[in-house]
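Numbering (our numbering), first residue to last: 6 to 250.
Idealized CB from N, CA, C, for every residue including glycine.
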C-alpha cells in the first residue's frame with residue numbers, strides 16, 4: 006500500500022510538470038484532449054490509491070467472517086471430544102465417530118454425598134472417617150448438549166469442500182505416565198481460498214496476540230495437554246455474551 010501511495014504522489018507531481026510543459030510547448034487547439042487524458046490518469050491513480058487502502062480492510066472483514074465460521078466448528082468438535090472422553094475415557098479417532106457418539110451416547114447423571122463410618126484404630130479407640138459417595142441416578146442424552154449446533158457437519162470446513170484434519174497422540178508426564186491428546190486443524194489457505202494471495206501469505210505469517218497465529222487454525226495440541234484453540238479471545242466474545250444471558 007505504501008508503494009502505491011508513493012507512486013500516486015509521484016504521478017501527481019509528474020502530471021503537474023507535464024501540464025506546465027504542455028501549456029508552454031503544445032498548441033492550444035490540442036490542450037483540451039490532453040487535459041482529458043491527464044484527468045483520466047489522475048482518476049486512475051486516485052482509484053488505485055483508494056483500492057490499495059480498501060483492499061486489506063475488505064480482506065480482514067471477509068477473513069474474520071470465514072475464521073468465525075471455521076472456529077465455530079472447531080469449538081463443536083472440541084466439545085464433542087470432551088464429551089467423548091468423559092463417557093468413554095478416550096478421544097474419538099475420527100470426526101465421523103463423534104457424530105455417531107453424539108447421536109447415541111448418554112451422560113451418567115450422578116449425585117454425590119458425604120458419609121461417615123467408624124474405623125477401629127486399635128486399643129479400643131475408634132475414629133469417625135468421612136468419605137464421599139457418588140451414586141448414578143440416571144442418564145441424559147449427549148445430544149441434548151448440542152441442540153442448535155450443526156454437529157453433523159462439524160467436520161466440514163465452511164465455504165469449502167474440505168474437511169478438518171484430526172490427529173491423536175500422547176504426551177509423557179514426568180512420573181512416566183502418558184496422557185492422551187488430540188489436535189484438529191485446517192490450513193488458513195483453505196479457509197481463505199479465492200482471496201488475494203499476497204494477503205493470504207501475510208496472514209500465514211501472523212504472530213501478534215490479536216491474530217490467529219501461524220499457517221493453521223487449530224484446537225488442541227499434540228505437544229501439550231490442552232484443548233485450547235490458537236485463536237485470540239475476540240472469537241470467543243459471542244460465546245461469553247451468550248453464557249451471560
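Between residue 199 and residue 240, the alpha-carbon positions lie close to 23 Å from each other. For residue 173, the enclosing beta strand (DSSP E) begins and ends at 170 to 177.
Sixteen is the threshold: when 16 or more other Cβ atoms of the shown chains lie within 10 Å of the Cβ of residue 223, as they do, the residue is buried. For residue 167, the closest of 60, 193, 176 by C-alpha to C-alpha distance is 193.
Residue 161 carries a strand assignment under DSSP once its states are collapsed to helix, strand and coil.
For residue 191, the number of other beta carbons within 10 angstroms of its own is at least 16, and it is reported as buried. In the three-state scheme derived from DSSP, where H, G and I count as helix and E and B as strand, residue 221 is classed as strand. The three-state secondary structure of residue 111, taken from DSSP, is strand. Between residue 188 and residue 165, the CB-CB gap reaches or exceeds 7 Å. Of the candidates 153, 111, 112, 93, 153 places its Cα closest to the Cα of residue 247. The beta-bridge partner set that DSSP reports for residue 134 consists of 122.
Below 8 Å, too few C-beta pairs join the stretch 197 to 214 and the stretch 175 to 189 to call them touching: fewer than three.
In the displayed model, residue 190 falls within a strand according to three-state DSSP. Setting aside the 5 residues that flank it on each side, residue 110 is surrounded in the same chain by 92, 147, each with a C-beta closer than 6 Å to its C-beta; the list follows chain order.
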